[in-house]
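Encoded as structure tokens, the structure appears first; notes follow it.
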Ligand SMILES: [Zn+2]
């Protein structure tokens, strides 16, 4: 844990992240995180919200399309599900949006981030209060319809950036079908796919005290670090006591795992989250850059 990147300049345009940005502050609708603040991109300052489709006006999107500057869209997908006792339900969605927004800023002005699919496929967490889940066909239909909407506006390059494990396999299984039906250049990833690449994996090993195999994990070292870096107001450790909590889970292994995730989460640090997030953002931006170049 020798050298972390400096916090300055870590995220583009998120100086006001906690208050006006991805924060769950009153100015933003929960589940639709909107990071404000100025981002210095290619030597100029822009409002970082301008890469978020839902924050744009019709005029902005129309002119970007007419002028030919808008070349691609990212469709973030996540979940609203229990993240143990200490993280907010919106963790996966907020993470996917953050990675998408940061990647789009890197590729400014070519990319817009579509409104996220903020509920995912989470039936296996329904024993835990608060979780919302979609049937796979509902989730896939939402993702498809959003992509189709983007296509109808003339966007021919679409990258689905997922932040929830339960969505991953269904997305991959339907990608070829989406591609042939939509007739656009479309791809999908989960943002932690970045760590499947050897160089990124080696880099991540420096930070993951509980082991590289625990990326992304669930509410443990990785996700908690990510949250501490990006939206610390969504980490709530006050009053959390795993020696006293009664989870009422049928399978004793589930309760044991839940406890283990919590104790692993105590290894989380904002600095680790920043370093890991930076890897994921660069990887997503690079993939999308190559998709745009190829289309
Ligand atoms: Zn999660």
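Residue numbers (the numbering used here): 15 to 309.
Every residue gets a Cβ at the ideal spot worked out from N, C-alpha and C, and that includes glycine.
message = Output needed for residue 287: all residues of its chain with C-beta closer than 6 Å, excluding positions within five of it in sequence on either side, in chain order.
response = 239, 240, 242 and 243
ask   = Distance, Cα to Cα, residue 94 vs residue 143?
value = 11 Å
key: Extent of the continuous alpha helix (DSSP H) to which residue 11 belongs   = Coverage of the chain is limited to positions 15 through 309, which leaves residue 11 absent and any answer about it impossible.
ask   = How close, in whole Å, do the beta carbons of residue 115 and residue 66 come, if the pair is a contact with beta carbons under 8 Å?
value = 6 Å
key: The alpha helix (DSSP H) enclosing residue 75, as first and last residue numbers   = 72-80
message = Is residue 106 a contact residue of ligand 1, with contact defined as CB to any heavy atom under 6 Å?
response = yes
query = Looking at residue 247 and ligand 1, is the gap between the Cβ and the nearest heavy atom below 6 Å?
reply = no
query = How about residue 235: is its Cβ closer than 6 Å to a heavy atom in ligand 1?
reply = no
CA nearest to the CA of residue 135, picked from 141, 151 and 123 = 151
key: Separation of residue 253 from residue 261, as counted between CA atoms   = 15 Å
message = Using only the alpha-carbon positions, how far apart do residue 310 and residue 74 sit?
response = There is no way to answer for residue 310, as the model of the chain reaches only from 15 to 309.
task = Find the nearest neighbour of residue 51 within the set 68, 57, 69 and 26, judged by alpha-carbon distance.
result = 26
ask   = Can you give the Cα-Cα distance for residue 232 and residue 81, rounded to whole angstroms?
value = 43 Å
task = Examine the Cβ distances between the region 183-191 and the region 276-283 and report whether three or more of them are shorter than 8 Å.
result = no
query = Taking the alpha-carbon positions, what's the residue 289 to residue 71 distance?
reply = 33 Å
query = When you compare only the Cα positions, how much space is there between residue 85 and residue 139?
reply = 37 Å
query = How is residue 66 classed by DSSP in three states: helix, strand or coil?
reply = strand
key: Bridge-paired residues (DSSP) for residue 204   = 176
Where residue 52 falls: helix, strand or coil (DSSP) = strand
ask   = Taking the alpha carbon of residue 255 as the point to measure from, which residue in 277, 161 and 247 has its own alpha carbon closest?
value = 277
message = Can you tell me whether residue 242 is helix, strand or coil according to DSSP?
response = helix
query = Expressed to the nearest angstrom, what Euclidean distance is found between the alpha-carbon atoms of residue 146 and residue 124?
reply = 33 Å
task = Just the C-alpha distance for residue 180 and residue 96, rounded to the nearest angstrom, thanks.
result = 13 Å
message = Between the alpha carbons of residue 118 and residue 266, how many angstroms are there, rounded?
response = 43 Å
request  = Would you kindly work out how many angstroms separate the C-alpha atoms of residue 121 and residue 226, rounded to a whole number?
outcome  = 29 Å
query = To the nearest angstrom, how far is it from the Cα of residue 55 to the Cα of residue 62?
reply = 9 Å
query = Roughly how many angstroms separate the alpha carbons of residue 176 and residue 245, rounded to a whole number?
reply = 18 Å
task = Return the CA-CA distance between residue 211 and residue 221, expressed in angstroms with no decimal places.
result = 16 Å
message = For a test of the three-state rule: what should DSSP assign to residue 100, helix, strand or coil?
response = coil
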